[in-house]
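Student: My numbering puts the first residue of the sequence shown at 532, with every later residue one more than the last.
A virtual CB, placed ideally from N, CA and C, is assigned to each residue, including glycine.
Predicted, not measured: the structure shown is a model, and the values here were computed from it.
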Amino acid sequence: MTDDLQPRRRAVVFGYHNVGVRCLKVLLAAGVEVALVVTHEDSASENIWFESVITLCQAEGIPYITPADAKSPELLAQVQALRPDLMFSFYYRHMLPAELLAVAPAFNMHGSLLPEFRGRAPVNWAVLHGATVTGATLHEMTVKPDAGAIVSQMEVPILPDDTAHEVFGKVQVAAEQALWRVLPSLLDNSAPRLHNDLSKGGYFGGRKPEDGRIDWSQPGQQVYNLHRAVAPPYPGAFTDLDGVRYVIQRARLNGNFGNVVSLSLPPGLAVVDNCIFGVCGDGRMLTISSLTADGEPITAEQLHTRLAARA
Numbered sequence: 532m533t534d535d536l537q538p539r540r541r542a543v544v545f546g547y548h549n550v551g552v553r554c555l556k557v558l559l560a561a562g563v564e565v566a567l568v569v570t571h572e573d574s575a576s577e578n579i580w581f582e583s584v585i586t587l588c589q590a591e592g593i594p595y596i597t598p599a600d601a602k603s604p605e606l607l608a609q610v611q612a613l614r615p616d617l618m619f620s621f622y623y624r625h626m627l628p629a630e631l632l633a634v635a636p637a638f639n640m641h642g643s644l645l646p647e648f649r650g651r652a653p654v655n656w657a658v659l660h661g662a663t664v665t666g667a668t669l670h671e672m673t674v675k676p677d678a679g680a681i682v683s684q685m686e687v688p689i690l691p692d693d694t695a696h697e698v699f700g701k702v703q704v705a706a707e708q709a710l711w712r713v714l715p716s717l718l719d720n721s722a723p724r725l726h727n728d729l730s731k732g733g734y735f736g737g738r739k740p741e742d743g744r745i746d747w748s749q750p751g752q753q754v755y756n757l758h759r760a761v762a763p764p765y766p767g768a769f770t771d772l773d774g775v776r777y778v779i780q781r782a783r784l785n786g787n788f789g790n791v792v793s794l795s796l797p798p799g800l801a802v803v804d805n806c807i808f809g810v811c812g813d814g815r816m817l818t819i820s821s822l823t824a825d826g827e828p829i830t831a832e833q834l835h836t837r838l839a840a841r842a
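1. What is the residue span of the beta strand (DSSP E) that P688 lies within?
2. Return yes when the Cβ of R649 is within less than 9 Å of the Cβ of P676, no when it is not.
3. Given S620, which residues of its chain have a CB within under 6 Å of its CB, disregarding the five upstream and five downstream residues?
4. Is it buried or exposed for A705, if we count other Cβ within 10 angstroms and need 16 for buried?
5. Express the C-alpha separation of R781 and N790 in angstroms, rounding to a whole number.
6. Can you grab the Cα-Cα spacing for the pair E591 / K556, in whole Å?
7. With C-beta atoms as the reference, is P594 less than 9 Å away from A575?
8. Decide yes or no for the touch test of the segment 631-647 against the segment 699-713: beta carbon pairs closer than 8 Å, at least 3 of them.
9. On the premise that Q684 lies in contact with G700, defined as a C-beta separation below 8 Å, what is that separation, rounded to the nearest angstrom?
10. Bridge partners for E827 per DSSP, in chain order?
11. Are there three or more Cβ pairs, one per stretch, closer than 8 Å when the segment 691-699 is compared with the segment 651-666?
12. In the structure shown, what three-state DSSP assignment does V778 receive?
13. Would you mind sorting G679 into buried or exposed? The rule is 16 or more other CB atoms within 10 Å of its CB.
14. Going by DSSP, what residue range makes up the alpha helix (DSSP H) through R759?
15. Out of G732, G733 and R759, which has the shortest C-alpha to C-alpha gap to I508?
16. Let me check understanding here. Comparing Cα to Cα, which of L632, V761 and E697 lies closest to A601?
17. Comparing C-alpha positions only, which one of K739, V803, A608 and C554 sits nearest to V713?
18. For A831 and R841, I'd like the C-alpha separation in whole angstroms.
19. From L718 to L558, what does the alpha carbon distance come to, in whole angstroms?
20. Rounded to whole angstroms, what's the CA-CA distance from V664 to E697? Just pull it up for me.
21. Could you give the first and the last residue of the continuous alpha helix (DSSP H) run that contains N549?
22. Can you give the Cα-Cα distance for L669 and A722, rounded to whole angstroms?
Shown next, in the form of structure tokens:
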């Protein structure tokens with residue numbers, strides 16, 4: 532039987548963010564009938580720097596809904612009525628209950644190389660912990676998060692100065708490739724199932740803006756990893772001084788004097804030769820090329836004046 536005589540497989544997709552957009556496009560390119568997309572309304576309190584699943588659905592004429600509760604009986608009934616062959620979750624933010632997972636084989640795209648960095652914000656956690664590699668994993672969905680058998684993985688490097696945003700750009704391409712590579716075997720029910728060894732790796736929770744507070748007593752590499760993990764468009768690593776919140780926008784550990792040990796300066800913000808530095812507990816310094824004070828850019832000269840007034 533030729534491919535064009537094969538019956539189209541029907542899918543329900545739970546998706547959001549760039550990965551939701553890219554993986555939904557993969558399904559459409561492969562001829563999958565996407566009967567429904569379940570997504571989120573954008574939050575007015577969130578910095579929306581990513582692509583819109585809703586915009587894609589509107590352009591492609593795909594029905595979509597934005598239920599507040601993934602556990603609602605109405606959502607379950609709607610999905611059951613569609614009788615999907617497969618279900619996918621691509622960066623959907625709610626856990627799917629057992630009753631919903633029982634409707635059809637369900638697969639989730641996770642932004643790490645499972646079993647590493649299970650849970651929320653996997654890219655940010657990977658950068659924070661100084662990982663040198665990460666990727667995307669498509670796995671079977673179970674009630675326990677990120678615990679199902681692995682179907683496909685794609686690896687990407689984390690370079691020493693990559694921010695989480697830059698790594699996320701690589702991970703979304705890895706997600707697209709991981710899905711594209713395995714999709715034919717998913718559609719004909721021959722996809723592999725690899726053991727997801729939960730005795731390895733670890734589970735991490737969501738991150739809040741407050742988690743970006745800098746402890747200048749920590750070693751330079753640790754402070755730098757925090758900056759990289761939460762650099763814009765994420766909320767940013769910050770320090771409070773005299774009631775003013777200073778947020779690092781751009782910095783390098785190895786730029787300018789970043790490798791110099793400066794034991795004569797106390798930990799915290801400093802200005803030397805009209806350059807802004809963050810002095811860390813081991814004496815290493817971050818060279819800060821862009822800093823804001825209560826949301827407004829501040830120059831080295833302005834910061835120097837403020838610091839001098841405290842002396």
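Tutor: Checking against the coordinates, here is how it stands:
1. Annotation for P688: the continuous beta strand (DSSP E) segment containing it runs I681 to P688.
2. In this structure, P676 places its C-beta atom within 9 Å of the C-beta atom of R649.
3. For S620, where only same-chain residues beyond five positions count, the Cβ hits under 6 Å are F545 and N639.
4. The residue is buried, with at least 16 neighbouring Cβ atoms inside 10 Å.
5. Legend: pLDDT at N790 = 49, less than 50; position of this residue unreliable, no value from coordinates given.
6. Their backbone Cα atoms lie some 10 Å apart in a straight line.
7. No.
8. Yes, they touch.
9. Contact doesn't hold; Cβ gap of about 18 Å is too wide.
10. For E827, DSSP records a beta bridge to A824.
11. Using a C-beta cut-off of 8 Å, the segment 691-699 makes contact with the segment 651-666, since at least three inter-stretch Cβ pairs fall below that distance.
12. If DSSP states are grouped into helix, strand and coil, V778 belongs with the strands.
13. Classification of G679: buried, given that the 10 Å Cβ count is 16 or more.
14. For R759, the enclosing alpha helix (DSSP H) has its first and last residue at G751 to V761.
15. Lying outside 532 to 842, the shown extent of the chain, residue 508 is not represented and no answer is given.
16. Checked all of L632, V761 and E697; the closest Cα to A601 is L632.
17. That would be C554, whose Cα lies nearest to the Cα of V713.
18. Whole-angstrom Cα-Cα distance: 16 Å.
19. Answer to the nearest angstrom: the Cα atoms are 10 Å apart.
20. Approximately 13 Å between the Cα atoms of the pair.
21. Residues H548 to A560.
22. When rounded, the distance between both Cα atoms is 11 Å.
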